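Student: Let me give you the structure first, and then I'll get to my questions.
Residue numbers (full-length UniProt numbering), protein chains in the order written: chain W, 1 to 348; chain R, 1 to 348.
So, in structure tokens, the structure goes:
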């Protein structure tokens, strides 16, 4: 029902050059207010969308931030959102959220939908599929069209934007060092496949801690789990894999797990095999979740400060939205949130 | 910068009656396609918004569902969202989410923002403040303007729309009956203040179960907690209140809590006071959360089937969006999702 219109058609209809239309849509100072208003109204009337992602015109500010996250049934992401909300509300911004469900195409669709006039900028964490495909064109296009992005947690160097990350490498290293200092001689790692950047960095932290203590890493102590979309649906299969890890390594006396569920399952398996936590096996997880706090024994974890990540991401985005610089001068920041080791009952 | 325009001005500019403009904007069959296109394009060009909430014009379908929930750091709400996503994606719809943070004004702002052309209809659960203020005008206005709403969990009879609710009353009654049948003689209730409808219904279920077993309810066994926005920030204060409940009722041998956190805190307090769960005190919660499953002892709960609620809500909304009936014939449904008692280790 709606006509689709191109830059060329707008130019012809209004008797101006394509370059003028393009600049007018980008609100360039080179173009007169009169022409800008004419072009923008015309483009709006015919729903012009450049590459299907609309421009964030400076005079169409929505004061709304769009968040795209991979999943919602996950305490980490909901804490990040709380942090974004806190800062956004303080500074007069609203927040809307879209979910990629770890799917590349859903991420693209959600970004298109929100970029189409609903929001001023994005805070996002990439889907696993995007990381696997290494296709980042939608992020770069969105930014080219004048809509800033701040990425958190899962980031890649190929996309130039502001980023907020956790110090995954040092967090993991700290945890494994703690296990070594507590007397563990045979420390297992339960991690994800390498395409998940945080899993990779945490694995490197584990390896470096071992190396610094002249403990050669053993392949049979490293369990790399092919993560599915839904932990809960695969708990039993996961538990079996972890049980095999324990059974094929009878001397195992320490476990570092890159998330909370893996760590809790390791404690469950230990209990099942008659091992006491922390006297026979010490366990450390990586998370900000509530399960760790309420587990019995409560779980020692590397705390990610998810809420602080969200707050920082919102600050970076709003600062950019409200700054007067044009994008040519743009300098991007990567803010690293330091992790803390929260010691509870699962370590000595 | 943008001009605000009224129905009257559109009518004058296009030389038609106000009633024609209004009908054209509602896409009425009485008006010719030509006039409708002219009016709609003009209204769009000048960003006409009736009562600040845009119409959902049939030819402007976005295939997007807006969800408004009170908070996100809550497993129940994230499971509902998963359910909505599942059905929405299957039927070709996208989902975006706004948070009210339990605030009336944030609820209104979020609805306005999303109703402004971003979505086709709402799935929502009211904020506590809205329930307290009993101000439902924004729901009714949104529906008057042709945008359907499906409410879930927290609903009120004053708003006529499709609803999906949990059988709170019978769920609670079932739980308390179980405690009675298991031999509990002195059963405490940990609930919320009455303005939260689900807390109220669960309280009624508790009272009726006692009555049916000729056990007169005792005021000192009922703890009504004034819920704050953030459980986690008030865990210690909560724990103290529950400890007082135990200490002033030394014969207490059963606890029914209207949510998971209250139930887990009751187990924690029991342990602290040297009481064994389930041998000295039996505890039942009300939730779909992950904490219950992973707690030690694991918690017996009334399961709410949150995901199923979300699925049902999405079905109701999409059916309405795709139906050919006009709103005058509208019949609203209330779907009741039956609860199940999931027995785990915290009861005998």
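By construction, the Cβ of each residue, glycine as well, lies at the ideal position given by its N, Cα and C atoms. In this text the structure is predicted, and so the values were computed from the model without any measurement.
#1: Tell me the start and end of each unbroken alpha helix (DSSP H) in the region 199-264 of chain R that is at least 4 residues and wholly inside, in chain order.
#2: Who are the Cβ neighbours of residue 365(R) in its own chain at under 7 Å, not counting the five residues just before and after it?
#3: Across which residues does DSSP place residue 282(R) in a beta bridge pair?
#4: If you count every other CB in all the chains shown that lies within 10 Å of the CB of residue 56(W), and 16 or more means buried, which is it?
#5: Apart from the five residues on each side of it in sequence, which residues of its chain come closer than 7 Å, Cβ to Cβ, to residue 396(W)?
#6: Using 8 Å as the cut-off, can you tell me whether the region 299-306 of chain W makes contact with the region 163-175 of chain W, which would need three or more C-beta pairs spanning the two stretches below that distance?
#7: Classify residue 106(R): buried if its beta carbon has 16 or more other beta carbons within 10 angstroms, exposed otherwise.
#8: Cβ of residue 100(W) less than 7 Å from any chain R Cβ?
#9: For residue 137(R), count neighbouring Cβ atoms within 10 angstroms of its own Cβ and tell me buried if that reaches 16, exposed if not.
#10: Is the separation between the beta-carbon of residue 313(W) and that of residue 150(W) shorter than 7 Å?
#11: Examine the Cβ distances between the region 92-101 of chain W and the region 148-163 of chain W and report whether three or more of them are shorter than 8 Å.
#12: Which stretch, first to last residue, makes up the beta strand (DSSP E) that contains residue 45(R)?
#13: Name, please, each residue of chain R whose Cβ falls closer than 8 Å to the Cβ of residue 110(W).
#14: Who are residue 151(W)'s beta bridge partners in DSSP?
#15: Whole angstroms is fine: what's the gap from residue 335(R)'s alpha carbon to residue 323(R)'s?
#16: Who are the neighbours of residue 75(W) on chain R, taking C-beta pairs under 8 Å?
#17: Only counting the same chain, and skipping five residues up and downstream in sequence, which positions put a Cβ closer than 8 Å to that of residue 88(R)?
#18: Should the region 203-210 of chain W be called in touch with the region 10-28 of chain R, which here means at least 3 C-beta pairs below 8 Å?
#19: In the structure shown, what three-state DSSP assignment does residue 340(R) receive?
#20: Using a Cβ-Cβ cut-off of 6 Å (strictly less than) and excluding sequence neighbours within five positions of residue 168(W), which residues of its own chain qualify?
#21: So, residue 255(W) versus residue 277(W), is the Cβ gap smaller than 7 Å?
#22: Please confirm whether residue 81(R) has its beta-carbon closer than 7 Å to some beta-carbon of chain W.
#23: Consider the Cβ of residue 234(R): report whether some Cβ of chain W lies at a distance smaller than 7 Å.
#24: If residue 68(W) sits next to residue 110(W), beta carbons under 8 Å apart, how far is it from one beta carbon to the other, in whole angstroms?
#25: Mind listing the chain R neighbours of residue 296(W)? Cutoff is C-beta to C-beta under 8 Å, in chain order.
#26: Spell out whether any CB of chain R is found under 7 Å from the CB atom of residue 127(W).
#27: Once you ignore the five residues that flank residue 59(W) on each side, which residues in its own chain have a CB closer than 6 Å to its CB?
#28: In the structure shown, what three-state DSSP assignment does residue 313(W) receive?
#29: Which residues in the same chain have their Cβ closer than 6 Å to the Cβ of residue 212(W), if we skip the five residues on either side of it in sequence?
#30: Can the beta-carbon of residue 76(R) be found less than 7 Å from the beta-carbon of residue 288(R)?
#31: Does DSSP put residue 86(R) in a helix, a strand or coil?
#32: Does the Cβ-Cβ distance between residue 81(R) and residue 72(W) come in under 7 Å?
#33: Just list the residues that DSSP pairs residue 335(R) with in beta bridges.
#34: Can you give me the C-alpha to C-alpha distance between residue 285(R) and residue 262(R), rounded to a whole angstrom?
#35: Mind pulling the chain R residues with CB within less than 8 Å of residue 44(W)?
#36: Report the rounded CA-to-CA distance for residue 99(R) versus residue 193(R), giving the unit in angstroms.
Tutor: Let me lay it out:
#1: 235-247
#2: The structure shown does not extend to residue 365(R), since chain R is modelled only from 1 to 348, so the question has no answer here.
#3: 254(R)
#4: Here the model assigns residue 56(W) a pLDDT of 37, short of 50, so the residue's position is not dependable and the matter cannot be decided.
#5: Given that chain W is displayed from residue 1 to residue 348, the structure contains no residue 396(W) and the question cannot be resolved.
#6: yes
#7: buried
#8: no
#9: exposed
#10: yes
#11: no
#12: Not the beta strand (DSSP E): residue 45(R) falls in the alpha helix (DSSP H), residues 33-45.
#13: 94, 96
#14: 124(W), 163(W)
#15: 18 Å
#16: 73
#17: 65, 94, 95, 314, 318
#18: no
#19: strand
#20: 198, 201, 202
#21: no
#22: yes
#23: no
#24: 5 Å
#25: 295, 296
#26: no
#27: Confidence at residue 59(W) is low in this model, with a pLDDT of 46, below 50, so the placement of that residue should be treated as unreliable; the coordinate-derived value is given next. Nothing meets the Cβ criterion.
#28: helix
#29: none
#30: yes
#31: helix
#32: yes
#33: 164(R)
#34: 8 Å
#35: 44, 45
#36: 22 Å
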